[in-house]
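Colleague: In the numbering used here, the protein residues as written are 194 to 650. Virtual Cβ for every residue (Gly too), placed ideally from N, Cα, C.
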Ligand code: SAH
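(1) Under 8 Å, do residue 648 and residue 598 count as touching if we go by C-beta distance?
(2) Do the segment 272-289 and the segment 586-596 meet, that is, are 3 or more Cβ pairs less than 8 Å apart?
(3) Which class does residue 206 belong to by DSSP, given the choice of helix, strand or coil?
(4) So, with DSSP's three-state summary, where would you put residue 458?
(5) Quick one: residues in its chain with C-beta nearer than 6 Å to the C-beta of residue 194, no 5 flanking neighbours on either side, listed in chain order?
(6) Does the beta carbon of residue 512 fall short of 7 Å from some heavy atom of the ligand SAH?
(7) Do you know offhand how far residue 208's Cα is from residue 230's?
(8) Quick one: grab the DSSP three-state call for residue 288.
(9) Looking at the structure shown, is residue 262 part of a helix, part of a strand, or coil, going by DSSP?
(10) Ignoring anything shorter than 3 residues or poking outside the segment 522-567, list the beta strand (DSSP E) runs there in chain order.
(11) One question on the structure: do residue 509 and residue 596 come within less than 8 Å of each other, judged by their Cβ atoms?
(12) Residue 237 and residue 138 - do their beta-carbons sit closer together than 8 Å?
(13) Taking the alpha-carbon positions, what's the residue 251 to residue 413 distance?
(14) So, helix, strand or coil for residue 637, using DSSP?
(15) Please indicate yes or no: does the CB of residue 210 lie closer than 7 Å to some heavy atom of the ligand MN?
(16) How about the segment 308-319 and the segment 378-390: do they share at least three Cβ pairs that are nearer than 8 Å?
(17) Looking at the unbroken beta strand (DSSP E) that takes in residue 245, where does it start and where does it end?
(18) Return the residue from the list 439, 422 and 284 that minimises the CA-CA distance to residue 415.
(19) Quick one: is residue 483 buried, meaning 16 or more other Cβ sit within 10 Å of its Cβ, or exposed?
(20) With burial defined as no fewer than 16 other Cβ atoms inside 10 Å of the residue's Cβ, what is the status of residue 650: buried or exposed?
(21) With hydrogens ignored, establish whether the beta-carbon of residue 486 is closer than 7 Å to any heavy atom of the ligand SAH.
(22) From what residue to what residue does the beta strand (DSSP E) around residue 505 run?
(23) Buried or exposed: where does residue 544 fall if 16 or more other Cβ atoms within 10 Å of its Cβ makes it buried?
(24) To which residues of the same chain is residue 364 closer than 6 Å at the C-beta, ignoring the five residues directly before and after it?
(25) Tell me the DSSP secondary structure of residue 650 in three-state form.
(26) At the level of alpha carbons, what is the spacing between residue 427 and residue 401?
(27) What residue range does the beta strand (DSSP E) around residue 437 cover?
(28) At the level of alpha carbons, what is the spacing between residue 608 and residue 615?
(29) So the candidates are 639, 421 and 577; which of them puts its Cα closest to the Cα of residue 504?
(30) Have a look at 540, 369, 320 and 406 and flag the residue whose alpha-carbon is nearest the alpha-carbon of residue 635.
(31) Using the beta-carbon count (16 or more within 10 Å), is residue 629 buried or exposed?
(32) Mapping DSSP to helix, strand and coil, what is residue 360?
(33) Is any non-hydrogen atom of the ligand SAH found closer than 7 Å to the C-beta of residue 560, if you look at the structure I gave you?
(34) Using only alpha-carbon positions, find the residue among 581, 249, 393 and 270 that is nearest to residue 445.
(35) Taking three-plus beta-carbon pairs below 8 Å as touching, is the segment 459-471 in contact with the segment 615-627?
(36) Is residue 481 near the ligand SAH, in the sense that its beta carbon is under 7 Å from a heavy atom of that ligand?
Written as structure tokens, this is what we have:
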């Protein structure tokens, strides 16, 4: 017999919130039936309207908060209620950090069965605003007028805005200027429903340590109307513009970048520094978006690697070689592998730039390249992995174990896949010793972790 759902759609009820989900919704229970409500916080009581019911859970909307959490703050962003970028601006920063620690702890226990592992306090920022060094801004049109901003939650509706409080001031300015120039020079924005129009995205990168700015215009085809004027206006507006690039993406896809990138003006790359290591960054290369916290993250990874200068280290998923070069300073030899060819070109260049000749980089999928390394007789004392959200391929986990390193350092941006992978590694002889959450993305629900594993058999 199926259980009855205790609430009805459109019903208004009074509830008390007891928890916060991984995507930032408050959880209230009615006779054990969970209801998820955006922007509600644990400890709050509120009147809510039930907006949807499923068999095992439902969704509601806040009508009126009757008792506010002491952790509640006023979200300063003008589009917080519509934009999908930040989910936690209504929660104090201390509250965000505590929530992320709890979330990591619970996820590791639930999915990974890891209950007795120290999960340290989340390392946060002093000033958790205006931290991003990269923005990817979709362009569109509404009633013939150009719009640009960020997507609404779980949608491709653009929330038009002229300010984003987690990106830099230059990014605000560039976003607004390109919007104006597109209007002035008759450049149509791309419409992903009809595949008409030209300008799809603008990607802005700012290197804090050098103040160099990169602007990348992504369009559907090669031609940009009034290109010369556009270049001139952008150069005049930004004395720190170092690279103006053009990427062409003709496909019907959500993927931002196409295959073809040319430099319209300036250099092909911009340079940034982390802890006195200099990095060249290409338009399409992955580079951590929060420079202040990147230093915290990498320092922790380095600490967990426990290098003495004698070790061979593998950095899988190495991007432009950032972690690799951090490690190379204290290791005998570092091998990096990365799937994006431009990133590997950057990584090689970066090793040269920093006179680190004990780091080698290879293009390919880590799960294919590492078995090949092993067959060549390459050994690893320490393996560092920093995979995308989907985590490590199981064959990669197996290869790591076969290589029998003393330690593994796992850097993860997704606690769920991290928990899954730590469980597998645990069953194969690598014990998780400690977990350090780092807040790379304040105001959002995302959390990064660095994990230290040791070989136990
Ligand atoms: N450690 C780097 C990059 C981490 S992001 C840094 O901190 O900057 C993850 C990287 O893994 C991305 O650069 C992505 O292109 C790469 N990647 C994704 N799948 C991969 C795979 N199967 N093998 C190797 N690299 C992969």
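Modeller: Well, looking at it:
(1) Within the chain shown, the letter at position 455 stands for residue 648. Within the chain shown, the letter at position 405 stands for residue 598. Contact: yes.
(2) no
(3) Numbered from its first residue, the chain shown carries residue 206 at position 13. Note: residue 206 maps to strand in three-state DSSP.
(4) As a working note, residue 458 is residue 265 in the chain shown. In the structure shown, residue 458 sits in a strand (DSSP, three-state: E or B).
(5) For this step, residue 194 is matched to residue 1 along the chain shown. Its pLDDT being 46, under 50, residue 194 is placed unreliably by the model, and nothing is read from it.
(6) To locate residue 512, count along the chain shown from 1; it is residue 319. Within the cutoff, so yes.
(7) As a working mapping, residue 208 is identified with position 15 in the chain shown. As a working mapping, residue 230 is identified with position 37 in the chain shown. Approximately 11 Å between the Cα atoms of the pair.
(8) The residue given as residue 288 occupies position 95 in the chain shown. Looking at residue 288 - three-state DSSP - the assignment turns out to be helix.
(9) Residue numbering aside, residue 262 sits at position 69 when the chain shown is read from its first letter. It is coil, neither helix nor strand.
(10) 526-531 and 552-556
(11) To locate residue 509, count along the chain shown from 1; it is residue 316. To locate residue 596, count along the chain shown from 1; it is residue 403. For residue 509 and residue 596, no; Cβs fall outside 8 Å.
(12) Nothing in the structure corresponds to residue 138, since the chain is present only between 194 and 650.
(13) On the chain shown, position 58 is the one that residue 251 refers to. On the chain shown, position 220 is the one that residue 413 refers to. Whole-angstrom Cα-Cα distance: 40 Å.
(14) Mapped onto the chain shown, residue 637 falls at position 444. Three-state result, residue 637: coil.
(15) With respect to small molecules bound, the structure shown includes the ligand SAH and not the ligand MN.
(16) no
(17) Taking the first residue of the chain shown as position 1, residue 245 is located at position 52. Residue 245 -> beta strand (DSSP E) spans 238-246.
(18) Along the chain shown, read from residue 1 onward, the residue named residue 415 stands at position 222. That would be 439, whose Cα lies nearest to the Cα of residue 415.
(19) Residue numbering aside, residue 483 sits at position 290 when the chain shown is read from its first letter. Buried.
(20) By one-based count along the chain shown, residue 650 stands at place 457. Residue 650 is exposed by the Cβ-count criterion.
(21) Residue numbering aside, residue 486 sits at position 293 when the chain shown is read from its first letter. No - the ligand SAH has no heavy atom lying nearer than 7 Å to the Cβ of residue 486.
(22) To locate residue 505, count along the chain shown from 1; it is residue 312. Unbroken beta strand (DSSP E) run through residue 505: 505-509.
(23) Against the chain shown, residue 544 aligns to sequence position 351. Burial call: buried.
(24) Against the chain shown, residue 364 aligns to sequence position 171. Hits under 6 Å: 328 and 397.
(25) By 1-based counting over the chain shown, the position of residue 650 is 457. Of the three classes helix, strand and coil, the one that applies to residue 650 here is coil, per DSSP.
(26) One-based indexing of the chain shown puts residue 427 at position 234. One-based indexing of the chain shown puts residue 401 at position 208. Those two C-alpha atoms are separated by around 19 Å.
(27) As a first step, residue 437 must be located in the chain shown, where it is residue number 244. It spans 434-441 - the beta strand (DSSP E) in which residue 437 sits, taken as one unbroken run.
(28) As a first step, residue 608 must be located in the chain shown, where it is residue number 415. As a first step, residue 615 must be located in the chain shown, where it is residue number 422. Rounded to the nearest angstrom, the two C-alpha atoms are 10 Å apart.
(29) Working through the chain shown from its first residue, we reach residue 504 at position 311. With distances taken between Cα atoms, residue 504 lies closest to 577.
(30) Here residue 635 refers to the residue found at position 442 when the chain shown is read from its first residue. Closest option to residue 635, Cα to Cα, is 320.
(31) Along the chain shown, one-based indexing puts residue 629 at 436. Buried, since its Cβ has 16 or more Cβ neighbours within 10 Å.
(32) Here residue 360 is taken as the residue at index 167 of the chain shown, counted from 1. Note: residue 360 maps to strand in three-state DSSP.
(33) Taking the chain shown and counting its residues from 1, one reaches residue 560 at position 367. Residue 560 Cβ: within cutoff of the ligand SAH.
(34) The residue given as residue 445 occupies position 252 in the chain shown. Closest option to residue 445, Cα to Cα, is 393.
(35) no
(36) The residue given as residue 481 occupies position 288 in the chain shown. Yes - the ligand SAH has a heavy atom lying nearer than 7 Å to the Cβ of residue 481.
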